[in-house]
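Structure first, commentary second.
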């Protein structure tokens, strides 16, 4: 989502705006799972500030709690007017009690949005992974070959 952060600094009798930053990130807003162990289908809801092939959510992924990539769903095109959207993928090979994280990726800005974590058995909640969690996954296949539109 697009968010604007403003920082103000007070100096004696003045207030000065130091910076205004727009955050470009894809947020996972829902996770629904169907199927059976080692064959689950994930339906993931994403909200992202897509503007076209120059800025769009290009994948969502399922990650083990230890940081290994379990599954990645490549998104082939931007969704400028289709927001938020849900895309399904699988099979995801996990057991009902396996803790996983689900996050999305922007083609230019990378990771940074809302992350959901949980299990098939208990459901998913928002979490805030440690900085550097899953470092290196951005270069792991499968990766998008491009953007269709």
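In the numbering used here, the protein residues as written are 84 to 232. Note that the Cβ used here is the ideal one computed from N, Cα and C, for glycine as well. All figures in this text were calculated on a predicted structure; none of them were measured in a lab.
Provide the residue(s) that pair with residue i in DSSP beta bridges, ordered along the chain.
i, result
"residue 130", "110"
"residue 139", "Looking at the DSSP assignment, residue 139 forms no beta bridge with any residue, so it has no partner."
"residue 115", "126"
"residue 223", "Note: residue 223 sits in no beta bridge, so no partner."
Please classify residue i as buried or exposed, where buried requires at least 16 neighbouring CB atoms within 10 angstroms.
i, result
"residue 232", "exposed"
"residue 222", "exposed"
"residue 172", "buried"
"residue 198", "buried"
"residue 132", "buried"
"residue 134", "exposed"
"residue 122", "exposed"
"residue 116", "buried"
"residue 108", "buried"
Margin query: Pairs of beta-carbons, one from the region 140 to 147 and one from the region 179 to 186, closer than 8 Å: are there three or more?
Written below: Yes, they touch.
Margin query: Please give me, in chain order, every unbroken run of the beta strand (DSSP E) with length at least 3 that falls completely inside the region 146 to 221.
Written below: Counting only runs of 3+ residues, the beta strand (DSSP E) found wholly inside the region 146 to 221 occupies 152 to 157, 168 to 175, 183 to 189, 198 to 202, 206 to 210, in chain order.
Check: On the three-pair Cβ rule with 8 Å, is the region 193 to 200 touching the region 162 to 172?
Finding: The region 193 to 200, when compared against the region 162 to 172, does not touch it at the 8 Å Cβ threshold.
Notebook entry, point to check: Three or more C-beta pairs closer than 8 Å, one from the region 205 to 215 and one from the region 127 to 144: is that the case here?
Noted result: Counting Cβ pairs under 8 Å, fewer than three are found: no touch.
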